[in-house]
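> Dropping the structure in here first, questions after.
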Amino acid sequence: MDNKLFTPGPINTKYSVKEAMLHDMGSRDMEFLEVVKEIRLELLHLAGVTRDEGYDTVLMQGSGTFGVESVISTAIPPDGHLLLITNGTYGDRIKQMAKVYGIRTTTLKYKENVVPPAEDIEEVLIKDETVTHVAIVHCETTTGIFNDIEGVGLVARKYNKIYIVDAMSSFGAVPIDLKALDIDFLVSSSNKCIEGVPGFSFVIAKNNTLQTCIGQARTISLDLYSQWADMRKNNQFRFTPPIQTILAFRKAIEELKAEGGIEKRSERYRQNYHRLIEGTEVLGLRTYLNKKDQGYIITSFLFPEHPNFDFTRFYEKLHQHGQVIYQGKLSDTNCFRIGNIGQLYLEDIDRLLIAIQDVLTEMDVIS
Ligand SMILES: *Cc1c(COP(=O)(O)O)cnc(C)c1O
180 MDNKLFTPGP
190 INTKYSVKEA
200 MLHDMGSRDM
210 EFLEVVKEIR
220 LELLHLAGVT
230 RDEGYDTVLM
240 QGSGTFGVES
250 VISTAIPPDG
260 HLLLITNGTY
270 GDRIKQMAKV
280 YGIRTTTLKY
290 KENVVPPAED
300 IEEVLIKDET
310 VTHVAIVHCE
320 TTTGIFNDIE
330 GVGLVARKYN
340 KIYIVDAMSS
350 FGAVPIDLKA
360 LDIDFLVSSS
370 NKCIEGVPGF
380 SFVIAKNNTL
390 QTCIGQARTI
400 SLDLYSQWAD
410 MRKNNQFRFT
420 PPIQTILAFR
430 KAIEELKAEG
440 GIEKRSERYR
450 QNYHRLIEGT
460 EVLGLRTYLN
470 KKDQGYIITS
480 FLFPEHPNFD
490 FTRFYEKLHQ
500 HGQVIYQGKL
510 SDTNCFRIGN
520 IGQLYLEDID
530 RLLIAIQDVL
540 TEMDVIS
């Protein structure tokens, strides 16, 4: 049996999802193009928007970062000005992208345990009318914090800015109202809460906004506009698509619907999260974030202060139990992370908790 992945993705997938990959197809096969068409439509349904309302889906080869980079490198015109809000690695990565592409950027950087207040964003927008785009990460996977995409969205809308949301680790498990938040570009990927296998990302965007992006891309392969134009014409990728990943993804969407959609998946993940928090509290583990800011996707735990605790040993011993946790990524605090997304259920969380207890006891960190 495979290990249990308590990570933010790739995650454990259903057997049926893996099984859906047992086919060879050409990238121009009608059968395959139908699958692409279906997925693009299903993703709009999941996002609660329609073609008639002026939204479309663009699939992009590569992991989630490729999708984010396709938006950053394509959406912002040469005279554009990006206001980037960051409180973690994934926000910082957007900053790096903007720098590589020579995009004028104002960055509001916060500590990793702080939810950026929408008032701060408003203050910048009032002071500096040259800002054209606002970008933020929804669930900042660095910590698991849920950022206030509602508050920021309302401000972006009020000042008429293009709004970009990295919803990589939340879409599919956290309800997001694209219309109310007036999101122009929402990015997510195949291997997170939709529970597919890795290989592509997707962008749900407003047609009107996409329309303005023609000729703006600073890259060939990540040109979101050209990818959209081709996909819109005939559901074709411009370059070799990850065929099997896409077949698996269609199955993953089917499984998500069978589970009861975003709401039910959200419920399962929340139950996993609560069980994890209760169980780790009993073991004396403390979380890095305040509970009110902590999302239910992934949680950062402080290293136990006991001198016997050694993360590498802890990780390896858990691994021997078939339980894979995730290392921390914080700038100034020693943490490890435990994700609870993917094919994980309460009994899996219970097994992990027992393994953690066994390993900490073996290490003489707890008795
Ligand atoms: C996973 C993730 C990404 C993309 O990471 P990849 O390694 O490229 O898949 C981007 N943003 C967030 C918030 C993520 O969780």
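Going by the numbering used here, the first residue of the sequence shown is number 180, and it counts up by one from there.
For each residue, glycine too, the CB sits at the ideal point set by N, CA and C.
Keep in mind it's a predicted model, so treat the numbers as computed, not measured.
Measuring alpha carbon to alpha carbon, tell me which of Asp527, Val279, Arg444 and Ile533 ends up nearest Glu374.
Residue Arg444 is the option with its Cα nearest to Glu374.
> Is any heavy atom in ligand 1 found nearer than 6 Å to the beta carbon of Thr557?
Nothing can be reported for residue 557: it is not among the residues displayed for the chain, which extend from 180 to 546.
> Please report the distance separating the alpha-carbon of Phe379 from that of Ser206.
The alpha-carbon atoms of Phe379 and Ser206 are separated by roughly 15 Å.
> How many Å lie between Tyr452 and Asn519 at the Cα?
Taking the straight line joining both Cα atoms gives about 6 Å.
> Buried or exposed: which applies to Pro420, given that a residue is buried once 16 or more other Cβ atoms fall within 10 Å of its Cβ?
With 16 or more other Cβ atoms within 10 Å, it is buried.
> Report yes if the C-beta distance between Gln522 and Lys193 is below 7 Å; otherwise report no.
The answer is yes: Cβ separation under 7 Å.
> Could you tell me which of Ala396, Gly267 and Val215 sits nearest to Leu468, measuring between CA atoms?
Of the listed residues, the one whose Cα sits closest to Leu468 is Gly267.
> Check whether the Cβ of Gly243 sits closer than 6 Å to any heavy atom of ligand 1, and report yes or no.
Checking the Cβ of Gly243 against ligand 1 gives yes.
> With a Cβ-Cβ cutoff of 7 Å, do Ser349 and Cys318 count as a contact?
Cβ atoms of Ser349 and Cys318: closer than 7 Å.
> Is the stretch 301–317 touching the stretch 328–339, taking contact as three or more C-beta pairs under 8 Å?
Verdict: yes, contact present.
> In angstroms, rounded to a whole number, what distance separates the CA positions of Ile456 and Pro189?
Their Cα atoms are separated by approximately 22 Å.
> Is the number of C-beta pairs between the stretch 406–418 and the stretch 266–282 that are closer than 8 Å three or more?
As far as the Cβ criterion goes, the stretch 406–418 does not touch the stretch 266–282, which means the pair count is below three.
> Cβ of Ser348 versus every heavy atom of ligand 1: is any distance shorter than 6 Å?
For ligand 1, at least one heavy atom lies less than 6 Å from the Cβ of Ser348.
> Under the three-state reduction of DSSP, which class applies to Phe428: helix, strand or coil?
Helix.
> In chain order, what residues of the same chain lie with their CB nearer than 8 Å to the CB of Thr540, ignoring the 5 residues before and after it?
Within the same chain, Thr540 has close Cβ partners Ser546.
> Taking its Cβ as the centre, do 16 or more other Cβ atoms sit within 10 Å of Tyr524, making it buried, or is it exposed?
By the 10 Å Cβ count, Tyr524 comes out exposed.
> To the nearest angstrom, how far is it from the Cα of Gly394 to the Cα of Tyr404?
Rounded to whole angstroms, Gly394 to Tyr404 spans 8 Å at the Cα level.
> Alpha carbon to alpha carbon, how far is Ala314 from Ile218?
Taking the straight line joining both Cα atoms gives about 25 Å.
> Check whether the Cβ of Asp472 sits closer than 6 Å to any heavy atom of ligand 1, and report yes or no.
False, no ligand heavy atom lies under 6 Å from that Cβ.
> For Tyr448 and Leu435, I'd like the C-alpha separation in whole angstroms.
Looking at the two C-alpha atoms, the distance is approximately 13 Å.
> Could you check whether the stretch 245–265 touches the stretch 280–289, counting it as contact only if at least three pairs of C-beta atoms, one from each stretch, sit closer than 8 Å?
Yes, the stretch 245–265 touches the stretch 280–289.
> Quick check: the stretch 272–279 against the stretch 248–255, are there 3 or more CB pairs under 8 Å?
Enough Cβ pairs lie closer than 8 Å, so yes.
> Identify every residue that forms a DSSP beta bridge with Gln473.
Bridge partners of Gln473: Ile324.
> Whose C-beta lies closer than 8 Å to the C-beta of Met200 among residues of the same chain, with five residues either side of it excluded?
Cβ neighbours of Met200 beyond the five flanking positions: Val376, Gln423, Thr424, Leu426 and Ala427.
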